[in-house]
Amino acid sequence: MFLRSVYARLLSRGPCLRVLRSWGSAAAQTASRPEFDWRDPLVLEEQLTADEILIRDTFRTYCQEHLMPRIVLANRNEVFHREIISEMGELGVLGPTIKGYGCAGVSSVAYGLLARELERVDSGYRSAMSVQSSLVMHPIYAYGSEEQQQKYLPRLAKGELLGCFGLTEPNHGSDPGSMETRARHNPSNRSYTLNGAKTWITNSPVADLFVVWARCEDNCIRGFLLEKGMRGLSAPKIEGKFSLRASATGMIIMDDVEVPEENVLPKASSLAGPFGCLNNARYGISWGVLGAAEFCLHTARQYTLDRIQFGVPLAKNQLIQRKLADMLTEITLGLHACLQLGRLKDQDKVTPEMVSLLKRNNCGKALDIARQARDMLGGNGISDEYHVIRHAMNLEAVNTYEGGAQVSGRGFAETSLGKRGARWGGDSRPESFSQLSPIGSMTWGKSHSVPHLEQLTLGPWK
């Protein structure tokens, strides 16, 4: 009581009150003064939910403890470890955004965070997960019958089955509408006969289930579910890759493969089917490549801090500092763009142009960062001991597949110019594209005024 009465008398005096308030205000300002964290410059962490953080951290532990020790030899020997898919199935990260059928039903942002952690280890591992989730499970979930969903999705989610996606052909990459694979309907025995070839197919040499797109006699493009062991179906491995060596890549060759009618995806009859799958995959890629870029940045930063040349660390050179600042800037902007796109995706407000914009930007920037990091490591940069050259080689492929930079750019550039709207007699897509304006208004080029960013990235000198 005595202390309370003294405090009350003090507060009743104007000067004392002002002094006490100033002390409290100064203390609050000192306590809450923000600090720049180069590992998370724009505080992405605070924008994630508790569930998203838990999912990411759990998967990060798995990736670093169980995948990182395998990757060097897997890449050297061009070996894909099939058991990795089963391990991911046990963790519940296959088809994670699907609700039901044994899937986790998490947010799109959580899926992106998983892709980021996986590609921090290797793009080949992320490719295998992306194909299983976005290109195999998604079309069955989105375009399949209930019977197909019940038959395949639970086993795909557990990793008991491994799938692949057949769209690209030897003569048709960016032009899938000209595909030569044909499906002939046989009404008498309720089946289709498929003939043709697909190439550059992730997982095909080890796949149990093949989602293949073919043109039918009515000129519609339909999806077919082919199972390993079907007569006339083969999937030879493509040898000699210098990229994605830890991922199994091959062809799908179909020579009079008879597929029952119940294996046709009933809700897809045009290129919109496979394109919908690719949009899902490109979203995950946009997150994933930044995981690889982050690894390269962290490696280059530590290397240039530790490497002494002419009596000083390499990182003391302004040219090195500028490169690190540019790398950090691009990664930070890319991650926050991914977060925005993920939130829009969960609100069903995403257009294909948005996804293409981000896939194109992030893949290109990640490849540039990997190349810069390789250069900053000097001769050591070409050794797989440091992993950077592997990321650079992988990102060459990732920058190309599922929509190369030029083709992707043309798509959303035409929309922004209004050409498609004029050609189709009015289209609302230019307006829908503006939904990304909070991201699109950012400057994606290299920053030319980053005071102290170089030093903040490096931290205090040892």
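For the sequence shown, UniProt numbering begins at 1 and goes up steadily by one. Here a beta-carbon is modelled for each residue, glycine too, at the ideal position from N, C-alpha and C.
Bridge partners - residue i, DSSP secondary structure assignment
i: T193; result: R184, E258
i: G223; result: W213
i: S234; result: I253
i: I308; result: P313
i: C103; result: G100
i: T202; result: T249
i: V264; result: F224
Nearest to residue i (by Cα), restricted to the options the options
i: R307; options: V388, G196, L377, Q340; result: L377
i: I389; options: E261, L344, R245; result: R245
i: L48; options: T168, L335, R371, S383; result: L335
i: A142; options: N203, N280, T168; result: N280
i: A366; options: G379, T329, N380, P187; result: T329
i: S269; options: D384, R70, R222, M251; result: R222
i: K363; options: C296, F310, W287; result: The sequence given here has Cys at residue 363, not Lys. Here the closest residue by C-alpha is W287.
i: S108; options: R343, R282, P352; result: R343
i: Y283; options: L67, T168, L113; result: L113
i: T400; options: Q309, G89, G105, T168; result: T168
i: E262; options: E35, I140, Y386; result: I140
i: N186; options: A337, L118, V264; result: V264
i: V136; options: F224, V106, A397, A197; result: F224
i: I124; options: G311, P34, V43, R82; result: First, the amino acid is wrong: residue 124 is Gly here, not Ile. For G124, the nearest C-alpha among the options comes from R82.
i: I369; options: L324, M354, E353; result: L324
i: E353; options: A50, N380, F275; result: F275
i: D208; options: P34, Y192, G92, Q132; result: Q132
i: G102; options: N394, Q149, F310, M327; result: Q149
i: D256; options: S234, G105, A110, L341; result: S234
i: H172; options: R184, A110, G196, H138; result: G196
i: L42; options: G418, T332, E385, I98; result: T332
Classification of residue i by the beta-carbon crowding that lies within 10 angstroms, buried from 16 upward
i: L339; result: buried
i: S434; result: Per-residue confidence for S434 stands at a pLDDT of 40, beneath the threshold of 50, marking its modelled position as unreliable; no derived number is given.
i: R120; result: buried
i: A272; result: exposed
i: I53; result: exposed
i: R39; result: exposed
i: N219; result: exposed
i: P96; result: buried
i: Q347; result: exposed
i: L358; result: buried
i: L226; result: buried
i: E46; result: exposed
i: I71; result: buried
i: F36; result: exposed
i: G144; result: buried
i: M32; result: The sequence as given places Ser at residue 32; Met does not occur at that position. That one is exposed.
i: Y303; result: buried
i: E65; result: exposed
i: Q321; result: buried
i: G163; result: buried
i: A50; result: exposed
i: Q372; result: buried
i: N394; result: buried
i: R360; result: buried
i: T61; result: exposed
Terminal residues of the alpha helix (DSSP H) in which residue i lies
i: F80; result: It is not in any alpha helix (DSSP H) - F80 carries neither H nor E in the DSSP assignment.
i: N171; result: Element bounds for N171: n/a, residue is neither H nor E.
i: V398; result: 388-398
i: residue 490; result: The structure shown does not extend to residue 490, since the chain spans only 1 to 462, so no value can be given for it.
i: L335; result: 318-346
i: R33; result: Here R33 belongs to no alpha helix (DSSP H), and DSSP marks it neither H nor E.
i: V121; result: 108-121
i: I369; result: 352-376
i: E146; result: 146-158
Segment limits, beta strand (DSSP E) that includes residue i
i: C164; result: 163-166
Three or more C-beta pairs below 8 Å linking the segment 203-210 and the segment 289-306: Output reads no: the segment 289-306 does not touch the segment 203-210.
Three or more C-beta pairs below 8 Å linking the segment 127-135 and the segment 172-180: Taking 8 Å as the limit for Cβ pairs, the verdict is that the segment 172-180 does not touch the segment 127-135.
Segment contact, 8 Å Cβ cut-off, at least three pairs: the segment 229-249 with the segment 152-161: No, the segment 229-249 is not in contact with the segment 152-161.
Stretch-stretch touch, CB-based, cutoff 8 Å, three pairs: the segment 86-103 with the segment 205-216: Short answer: they don't touch.
Inter-stretch contact (C-beta, 8 Å, three-pair minimum) for the segment 65-81 and the segment 237-253: yes
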